[in-house]
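Engineer: Mind the numbering: the sequence shown is residues 1 to 175 in the UniProt record's numbering, read in order.
Where a beta carbon is used, it is the ideal one built from N, C-alpha and C, also for glycine.
Here the structure is a predicted model, which is why all the values come from computation and not from measurement.
Got a structure for you, written out below as structure tokens; questions coming shortly.
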Amino acid sequence: MIESYVVVHNIAKRHNVGTLARSATAFGVSEMILVGRRDFNAFGSHGSTSHVNFRHFHSLSDARVFLKSKDCDICGVEITDNAVDVTQHPFKKSTAFLLGNEGMGLSAKECEICDFFVYIPQYGGGTASLNVTVAASIVLHHFGVWAGFSERTRDGNKYVVAERSARQPSGCSVY
Numbered sequence: 001m002i003e004s005y006v007v008v009h010n011i012a013k014r015h016n017v018g019t020l021a022r023s024a025t026a027f028g029v030s031e032m033i034l035v036g037r038r039d040f041n042a043f044g045s046h047g048s049t050s051h052v053n054f055r056h057f058h059s060l061s062d063a064r065v066f067l068k069s070k071d072c073d074i075c076g077v078e079i080t081d082n083a084v085d086v087t088q089h090p091f092k093k094s095t096a097f098l099l100g101n102e103g104m105g106l107s108a109k110e111c112e113i114c115d116f117f118v119y120i121p122q123y124g125g126g127t128a129s130l131n132v133t134v135a136a137s138i139v140l141h142h143f144g145v146w147a148g149f150s151e152r153t154r155d156g157n158k159y160v161v162a163e164r165s166a167r168q169p170s171g172c173s174v175y
């Protein structure tokens, strides 16, 4: 079974994690991997933090070991010389997405654990980059299309929200 993960490390604005959880839920992410800090602000999640699992690791290397045990590629979302346009769907198997800090992008340490990189093409000249949550949404959508994830059932102009709530592992603090 193909799965996707979002790795959260070095996010400058903790409220972005709540919005990342909302996108993760919308696009079928199996787990959000928190590295370093356990706590985050659920603002912007609109309740989605109860529909996605969180797993905590103290270091990037620990998170990498776990993801590799799941036979998972780690994809850095960053504009690098060898990054592939995400619309080309360069995925091969289950994938964890590591997104850069809102100001500086991925660090050298973060880049080291990545198996490959994707970038999001931009067509307008008014900004150098996208907000981390916007970038995650675009990349996760493309992964879901590639993986053939089933679209959720709709009721009118909204999607039906699942009834099952995810359990939070001990030590992950949401406020």
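Which same chain residues end up closer than 8 Å to Asp73 when comparing Cβ atoms and leaving out the 5 residues on each side of it in sequence?
Structural biologist: Locating residue 73 in the sequence shown gives position 73, where the first residue counts as 1. Exclusion of the five residues before and after Asp73 leaves Phe91, Lys92, Lys93, Ser94, Thr95, Ala96, Asp115 and Phe116 as the residues of its chain whose Cβ lies within less than 8 Å of its Cβ.
Engineer: Fully enclosed by the region 59-86, which alpha helix (DSSP H) runs are 4 residues long or longer?
Structural biologist: Runs of the alpha helix (DSSP H) spanning 4 or more residues and lying entirely within the region 59-86 occur at 60-69, in chain order.
Engineer: Taking Cβ to Cβ, would you say Ser4 is nearer than 8 Å to Ser30?
Structural biologist: The residue given as residue 4 occupies position 4 in the sequence shown. The residue given as residue 30 occupies position 30 in the sequence shown. For Ser4 and Ser30, yes; Cβs fall inside 8 Å.
Engineer: Under three-state DSSP, which class holds Thr153?
Structural biologist: What you label residue 153 is simply residue 153 of the sequence shown in a count that begins at 1. Look at Thr153 here: in three-state DSSP terms it is coil, with no helix or strand label.
Engineer: Count the other CB atoms, across all protein chains shown, that sit within 10 Å of the CB of Val118; report buried if there are 16 or more and exposed otherwise.
Structural biologist: Translated into the one-based positions of the sequence shown, residue 118 becomes position 118. By the 10 Å Cβ count, Val118 comes out buried.
Engineer: If we require 4 or more residues per run, which alpha helix (DSSP H) segments fall completely within the region 88-123?
Structural biologist: Those alpha helix (DSSP H) runs which fall completely within the region 88-123 and span 4+ residues are 108-112.
Engineer: Quick one: grab the DSSP three-state call for His56.
Structural biologist: Here residue 56 corresponds to residue number 56 of the sequence shown, with the count starting at 1. Here His56 sits in strand by DSSP.
Engineer: Can Ala135 and Leu98 be called in contact, C-beta distance under 8 Å?
Structural biologist: Locating residue 135 in the sequence shown gives position 135, where the first residue counts as 1. Locating residue 98 in the sequence shown gives position 98, where the first residue counts as 1. It is not a contact, given that the beta carbons lie outside the stated cut-off.
Engineer: Closest to Ile2 by CA distance: which of Tyr159, Val145, Val160 and Glu163 is it?
Structural biologist: As a first step, residue 2 must be located in the sequence shown, where it is residue number 2. For the residues Tyr159, Val145, Val160 and Glu163, the minimum Cα distance to Ile2 belongs to Val145.
Engineer: Expressed to the nearest angstrom, what Euclidean distance is found between the alpha-carbon atoms of Leu106 and Asn131?
Structural biologist: Taking the sequence shown and counting its residues from 1, one reaches residue 106 at position 106. Taking the sequence shown and counting its residues from 1, one reaches residue 131 at position 131. When rounded, the distance between both Cα atoms is 13 Å.
Engineer: In terms of alpha-carbon separation, which member of Leu20, Thr25 and Thr19 lies closest to Glu163?
Structural biologist: Position 163 of the sequence shown, counted from the first residue, corresponds to residue 163. Minimum Cα distance to Glu163 is reached at Thr25.
Engineer: So, are the CB atoms of Val139 and Ile120 less than 8 Å apart?
Structural biologist: By one-based count along the sequence shown, residue 139 stands at place 139. By one-based count along the sequence shown, residue 120 stands at place 120. Yes, they are a contact pair.
Engineer: Identify which residue in Leu20, Gln88, Met32 and Glu110 has its Cα closest to the Cα of Ser61.
Structural biologist: As a first step, residue 61 is located in the sequence shown; it is residue number 61 there, counting from the start. It is Glu110.
Engineer: Hey, out of Asp81, Ile79, Ala21 and Val161, whose CA is closest to Val52's CA?
Structural biologist: Within the sequence shown, the letter at position 52 stands for residue 52. When only C-alpha atoms are compared, the closest one is Ala21.
Engineer: Considering only heavy atoms of the ligand FAD, does any lie closer than 7 Å to the CB of Glu31?
Structural biologist: This structure does not include the ligand FAD; it has no bound ligands of any sort.
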